[in-house]
């Protein structure tokens with residue numbers, strides 16, 4: 040198993056993995072995804088991390104560093120789309136990729152890491168709490184625009 044920052048060569052298997060997050064992700068066009076990936080690679084504040092087995096992404100998350108004017112102008116890190124292939128779960132892969140995201144946040148002197156999880160994903164919530172994330176310090180809201 041290789042743990043590393045993901046690159047353009049990983050995009051096809053990453054997109055396939057994302058179908059396990061939500062089947063609607065299967066409809067993403069390859070051309071549009073490649074255009075988005077080029078923008079991601081141009082931005083030093085965005086990183087995709089993954090566990091790669093035999094050239095295939097089997098666990099991943101991404102982290103975004105967000106500039107911030109509070110807390111001494113220390114940035115915030117937002118982590119999203121934490122997913123492990125169902126055949127590779129319970130092996131510590133998500134923990135390792137999350138550790139990479141947190142290290143990225145520390146390198147940028149972030150004062151906190153934020154993540155959101157689907158409200159019904161109670162097993163994932165236990166995992167995040169085990170990693171030190173708290174669910175009682177803030178209440179998250181989102182506004183879906185689609």
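Numbering (my numbering), first residue to last: 40 to 185. All C-beta atoms, glycine included, are put in the ideal place defined by N, C-alpha and C. Note that the structure is predicted; figures quoted are calculated from it, not measured.
Top-ranked residue by Cα proximity to residue i, from the options
i           : options           : result
residue 90  : 168, 134, 149     : 134
residue 83  : 153, 116, 41      : 116
residue 72  : 107, 145, 50      : 50
residue 59  : 128, 138, 177     : 128
residue 113 : 174, 147, 75      : 147
residue 53  : 185, 131, 101, 78 : 101
residue 56  : 176, 95, 143      : 95
residue 88  : 61, 144, 111      : 144
Burial state of residue i, where buried means 16 or more other Cβ atoms lie within 10 Å
i           : result
residue 103 : buried
residue 180 : exposed
residue 74  : exposed
residue 98  : buried
residue 86  : buried
residue 140 : buried
residue 137 : buried
- Three-pair Cβ contact test at 8 Å for the stretch 122-129 versus the stretch 158-165: no
- Task: Can you check the stretch 42-108 for any alpha helix (DSSP H) of at least 4 residues that lies completely inside it and give the ranges in chain order?
- Result: 50-57, 69-81
- Query: For the stretch 108-166, which segments carrying the alpha helix (DSSP H) assignment without a break, of at least 4 residues, lie completely within its bounds, in sequence order?
  - Reply: 132-146
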